[in-house]
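Since the structure comes first, as structure tokens, the remarks are kept for the end.
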Amino acid sequence: MSDHRPAARPWANRRRRTIMSTTTLPGSTVATLTVTTPSDREVQITRIFDASRPMVFDCWTIPELLKGWLHGPDGWRLAICEIDLRVGGATRYVWQHRDGRSMGMSGAYREIVRPARIVATELFDEDWTGGETVGTVVFTEQAGKTLLTQTVLYASQAARDGALGTGMTRGMGESYAQLDAYLISLQDAAKGAA
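One gets the working numbering by counting positions in the sequence shown from 1 and adding 659 to each.
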């Protein structure tokens, strides 16, 4: 597997519903993915990563780093990742399955505050989310770790409930576990280069 480190970087109206999922990481670390529904149209996901805020932000915004962890289950890989990281800049993600199927999503950045916050629109090519969504990702430093809070605002309550019904949170939990492993590999590579 190739080294994906960048050269210049060393590393509600309804009652809120909470869903918890835990992932056991290497060693004795356990990470908990918390999913809530703060309003009729929102899903909010929180997760702590054992890495610095700038490192987690980079893994969220640099195409070669995203390709290292943002995969789907059962043979899906992020094949195309285009990011114009500026307000008004476009994003394009295409996942490909080993059987030849593909799934694409486009969007645009509305707000970027490095390394603390990203707000962007998302629209899947096959619109299963009922229209454009707005995603807000907040990165909060906590004693050398990063609390990531991702909020997705859907076009309607039906769209939000439909997304939750797809098993989306299970898939996000798997992706975040992949990000955990990828962050560990980046940190190990940085230590080895030092």
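Glycine residues also receive a C-beta, built at the ideal position from the N, C-alpha and C atoms.
Every value quoted in this text rests on a predicted model; they were computed, and no experiment measured them.
- The beta-bridge partner set that DSSP reports for residue 756 consists of 735.
- Segment contact: the segment 698-706 against the segment 727-745, fewer than three CB-CB distances shorter than 8 Å; contact not assigned.
- Residue state for residue 715 is assigned as helix, using DSSP reduced to three classes.
- With 16 or more other Cβ atoms from the protein chains shown falling within 10 Å of its own Cβ, residue 832 counts as buried.
- Contact annotation, residue 792 with residue 813: C-beta distance approximately 5 Å; criterion of less than 8 Å satisfied.
- Taking C-alpha positions only, residue 766 is separated from residue 780 by approximately 5 Å.
- Inclusion of residue 763 and residue 743 in the CB contact set at 9 Å is not warranted, their separation being larger than that value.
- Non-local beta-carbon contacts of residue 809 in its own chain, meaning distances under 6 Å to residues more than five positions away in sequence, involve 704, 796 in chain order.
- Around the beta carbon of residue 761, a 10 Å sphere encloses fewer than 16 other beta carbons of the protein chains shown; the residue is thus reported as exposed.
- In the three-state scheme derived from DSSP, where H, G and I count as helix and E and B as strand, residue 843 is classed as helix.
- Here residue 723 carries a helix assignment [DSSP, helix/strand/coil].
- Taking the Cα of residue 790 as reference, the smallest distance to any Cα among 773, 695, 819 is reached at 819.
- DSSP places residue 835 in the helix class (H, G or I) of the three-state scheme.
- DSSP, reduced to helix, strand and coil, places residue 829 within a helical segment of the structure shown.
- The DSSP-derived three-state label of residue 814 is coil.
- For residue 779, the enclosing beta strand (DSSP E) starts and ends at 776-783.
- Residue 702: member of the beta strand (DSSP E) spanning 701-708, first to last residue.
- The beta carbon of residue 799 sits closer than 6 Å to the beta carbons of 806 from its chain, once the five residues preceding and following it are set aside; these are given in chain order.
- Contact annotation: residue 711 and residue 851 have beta-carbon atoms that are not nearer than 9 Å.
- Residue 852 carries a helical assignment under DSSP once its states are collapsed to helix, strand and coil.
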